[in-house]
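The sequence shown: position 81 = 80 (numbering that gives the first Met the number 0), numbered continuously.
From the three backbone atoms N, C-alpha and C, an ideal C-beta is built for every residue, glycine too.
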Amino acid sequence: MTSADGKDQSPETWARAARLGSALELSGELRGREDLVVQGRVRGNILLPDNDILIAESARVEGDIQVRDIIVRGEVTGNITASGRAVIERTGRLDGDLAASVIAVEDGARFKGGVKILRQA
């Protein structure tokens, strides 16, 4: 996958990202300045407005997410704002509103909420 700004989103890119492993649980607000792969559970908001995030199949997020690009393969309960691209893959589930410049929802994905298309910067 290539992001809205042309950044490569290949598996090699995600291999270099920070990880919240499948055996980890975080409660509270997560902020940072690097790409992130969430495999565990997050209860709280994720604020990475200049970075990308991958919500893995094993992941559960309860809170709002603010990022550049996002791929959802697991479950998110909360609102997502992506300044670039938002993809909900077939294994993904979103219960909340989605705002992004580019939105893709694959067949089989579950999405319950509103949609807002943002202007690309």
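Exposure of residue i, with buried meaning 16 or more beta-carbon neighbours within 10 Å
i      : result
Arg89  : exposed
Arg84  : buried
Val86  : buried
Ile116 : exposed
Lys111 : exposed
Gly113 : exposed
Gly77  : buried
Leu23  : exposed
Ala99  : buried
Glu74  : buried
Gly5   : For Gly5, the predicted structure reports a pLDDT of 49, less than 50, and the residue's modelled location is therefore unreliable. The matter cannot be settled from this model.
Counterpart residues of residue i in DSSP-defined beta bridges
i     : result
Gln65 : Leu46 and Thr80
Leu29 : Ile45
Glu24 : Arg40
Asp51 : Asp68
Arg59 : Arg40 and Glu74
Opening and closing residue of the beta strand (DSSP E) in which residue i lies
i      : result
Arg89  : Note, Arg89: premise wrong, no beta strand (DSSP E); not H, not E.
Ala19  : Before going on, a small fix: residue 19 reads as Leu here, not Ala. From DSSP, the beta strand (DSSP E) with Leu19 extends over Ala17 to Leu19.
Arg109 : Arg109 to Lys111
Ala103 : Leu97 to Val104
Interface flag, residue i vs chain B, CB-CB below 8 Å
i     : result
Thr90 : Among the chains in the structure shown there is no chain B, since it carries only a single protein chain.
CB contact flag (residue i, residue j, <8 Å)
i      : j     : result
Glu33  : Ala58 : no
Ala81  : Asp68 : yes
Arg30  : Leu46 : yes
Gly43  : Glu28 : yes
Val71  : Gly91 : yes
Ile102 : Leu93 : no
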